[in-house]
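Participant:
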Amino acid sequence: MKFYIRTFGCQMNLNESEIMAGLLTEDGFEWTENPEEADIIIINSCSVREKAENKLYGAIGGYGKFKEKNKNLIIGIGGCSAEKERENLLNRFKNIDFVFGTRNVIDIPNLVKRALGGERFADFSDKLDEVNYIIPKRPFSKHHAWITVIYGCNKYCTYCIVPYTRGFEKSRPIDDVINEVKEYAEKGYKEVTFLGQNVDSYGKDFGDKKPKLDLLIQKSAQFDSIKRIWFMTSYPTDITDSLIETIANEEKAAKYVHLPVQSGSNRILKSMNRRYTKEQFIDLVNKIKKEVPEVTISSDIITGFPSETEQDFEETVDLIKKCRFERINIAEYSPREGTIAYKYFKDDVPKRIKNKRLQHIMEIQKKINLEENKKYLGEILTIIQEGKAGKDNTYMGRTINNKLVIYKSQDQLNGQFLNIKINKISPGPLYGEIVEV
Ligand code: SAH
Ligand code: F3S
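See below:
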């Protein structure tokens, strides 16, 4: 029997889809990239913004139509929207067969078998305690491994649905994670990314309450095959000095931090329940840049949070100019039912203003990127080739500080280290050609 998985949202969802694909394959099901020939379709959903949720509803409609041709097709919904809507999804969409939670992903073979047996159900049991082993995966990349090391989030930012859909923070035992890295190393993987909503909280829920992401990086660096170690996402007050030192001193640690700030206004930050001020955030960015000179830092920003004034927004613009991020994910505020902001704050910034502010940030960021990228013109950068960038023979790869480089190449070089001479820049990728050194 063939299964197809559609993933929306973050890297953690992608990683969970790899896990589901691995578990189902191990159980005798067969992976397909064509939903039309599947007997089982699983949608791994995202609910962080309304737009993401609308995509899910579109997909349910689309795949639901396949049932007209294939009466035996079953459709299951997992991920954050499933966790948020639960039985409502079954009541609203008659062509769905089962919904399941973010904490029982490893139960997917059983869930699928129940659905194949004719049961229509919602199952949100918590099976995270059973994840203390190396989980079989069907990795989507042959040289870059993604490993979720901490589940959930305890921060309760007032706008965010994640703590409600993914529950409390729970770290995987360090030996499990290291064994998994070892397994990938033995297969010749070169890169690993440790994932978590607040990955730098990794290990804080163990007995000694000390964060251990630094230890995880140091231990993983011992494997010869592993050349680069990434981690995502960081929370500004959870980054320890020891982690910064590890990024600086461990050659294999990526010189890249994704550090969401959300706003530059102290009033808005407080209302968002972020636990730092604009000044503290800028100090942290400066400290990381000082300790790790080649580092790049990216961030997330929300425009039009309830009550955000022009003056608040100016504070955000000022912060962006001071931090000079490598990239910003900008989102218009989207009220999420179940959050504090939804319940208590009026969504009072008009859509037009939210969008105007978003566009304004994009413009500034473009300018910053163009200025920053100039320093790479004529340079030779070392990248690992990730794969095709377009339909022709253009390929892409990344430097250890996450700069995206595009050049002409071939499939055989996927996963290889290459030196690229940069001959063109843009606000986004750098362009160049392969050179021998
Ligand atoms: N720590 C997480 C954050 C998850 S949500 C991580 O691993 O990325 C990702 C981003 O979505 C947040 O940083 C925030 O900028 C944005 N976001 C979350 N809730 C939102 C909302 N209600 N409206 C708009 N953007 C939101
Ligand atoms: Fe969401 Fe804030 Fe956690 S943005 S994932 S509640 S750190």
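Numbering of the sequence shown is given in my numbering, commencing with residue 4 and proceeding in unit increments. Note that CB positions come from ideal geometry on N, CA and C, so glycine has one too.
(1) Could you check how far apart the C-beta atoms of residue 93 and residue 125 are, in whole angstroms? I think they sit under 8 Å.
(2) Just to confirm the assignment, what range does the alpha helix (DSSP H) spanning residue 23 have?
(3) Where does residue 216 fall in DSSP's three states?
(4) Quick one, which of 227, 95, 15 and 238 has its alpha-carbon nearest residue 216's?
(5) Leaving aside the five residues before and after residue 139 along the sequence, list all residues of the same chain whose C-beta is less than 7 Å from its C-beta, in chain order.
(6) Quick check on the DSSP output: the beta strand (DSSP E) that includes residue 420 runs from which residue to which?
(7) Using beta-carbon positions only, say whether residue 161 and residue 332 come within less than 8 Å of one another.
(8) Please name the residue in 300, 355, 378 and 233 whose C-alpha comes closest to that of residue 425.
(9) Compare the beta carbon distance of residue 240 and residue 261 with 8 Å and say whether it is the shorter of the two.
(10) Considering just the uninterrupted stretch of the beta strand (DSSP E) at residue 274, what are its terminal residues?
(11) For the 8 Å Cβ check, are there 3 or more pairs between the segment 186–205 and the segment 109–122?
(12) What is the chain-ordered set of residues for which the beta carbon lies under 7 Å from any non-hydrogen atom of the ligand F3S?
(13) Going by alpha carbons, who is nearest to residue 201 out of 423, 193, 155 and 72?
(14) Does the Cβ of residue 52 lie closer than 7 Å to at least one heavy atom of the ligand SAH?
(15) Do you know how far the Cα of residue 218 is from the Cα of residue 208?
(16) Determine the closest residue to residue 252 out of 435, 295, 284 and 163, with distance taken between C-alpha atoms.
(17) Between the Cα of residue 299 and the Cα atoms of 158, 250 and 178, which residue gives the shortest distance?
(18) Rank 329, 411 and 128 by C-alpha distance to the C-alpha of residue 109 and give the top, closest one.
(19) Under the DSSP definition of a beta bridge, which residues are partnered with residue 151?
(20) Please list, in chain order, all residues of the same chain as residue 428 whose beta carbon is under 8 Å from its beta carbon, the five residues on each side excluded.
(21) Against chain D, does residue 423 count as a neighbour if the rule is that its beta carbon must be under 8 Å from one of theirs?
(22) Can residue 264 and residue 164 be called in contact, C-beta distance under 8 Å?
(23) Going by the DSSP bridge assignment, what does residue 33 pair with across the sheet?
(24) Look at the alpha carbon of residue 86 and the alpha carbon of residue 49, and state the distance between them as a whole number of angstroms.
(25) Taking a contact to mean a Cβ-Cβ separation below 8 Å, would you say residue 247 touches residue 291 in this structure?
(26) So what does DSSP say about residue 264, is it helix, strand or coil?
(27) Just reading off the beta strand (DSSP E) that residue 125 is part of, what are its end residues?
(28) Using the Cα positions of residue 141 and residue 318, report the straight-line distance between them to the nearest angstrom.
(29) Tell me the start and end of each unbroken alpha helix (DSSP H) in the segment 365–389 that is at least 4 residues and wholly inside, in chain order.
(30) Tell me which residue opens and which closes the beta strand (DSSP E) that residue 303 is part of.
(31) Once DSSP output is grouped into helix, strand and coil, what is the label at residue 408?
(32) Return the bridge partner residues of residue 206 from the DSSP annotation.
(33) So, helix, strand or coil for residue 294, using DSSP?
(34) According to DSSP, residue 437 sits in a beta bridge with which residue or residues?
(35) So, with DSSP's three-state summary, where would you put residue 81?
(36) Let me check you understand the geometry: is the CB of residue 265 closer than 7 Å to at least one non-hydrogen atom of the ligand SAH?
Facilitator: Taking the definition as stated:
(1) 6 Å
(2) 14–29
(3) helix
(4) 238
(5) 25, 26 and 29
(6) 420–428
(7) no
(8) 378
(9) no
(10) Where residue 274 is concerned, there is no enclosing beta strand (DSSP E), although the alpha helix (DSSP H) it sits in stretches over 269–274.
(11) no
(12) 156, 158, 159, 160, 163, 165, 166, 200, 201, 238 and 263
(13) 155
(14) yes
(15) 15 Å
(16) 295
(17) 250
(18) 128
(19) 198
(20) 373, 376, 377, 379, 380 and 434
(21) Considering every chain present, this structure includes no chain D. It has just one protein chain.
(22) no
(23) 5
(24) 10 Å
(25) yes
(26) coil
(27) 124–126
(28) 45 Å
(29) none
(30) 299–306
(31) strand
(32) Answer is none; residue 206 lacks a bridge partner.
(33) helix
(34) 423
(35) strand
(36) yes
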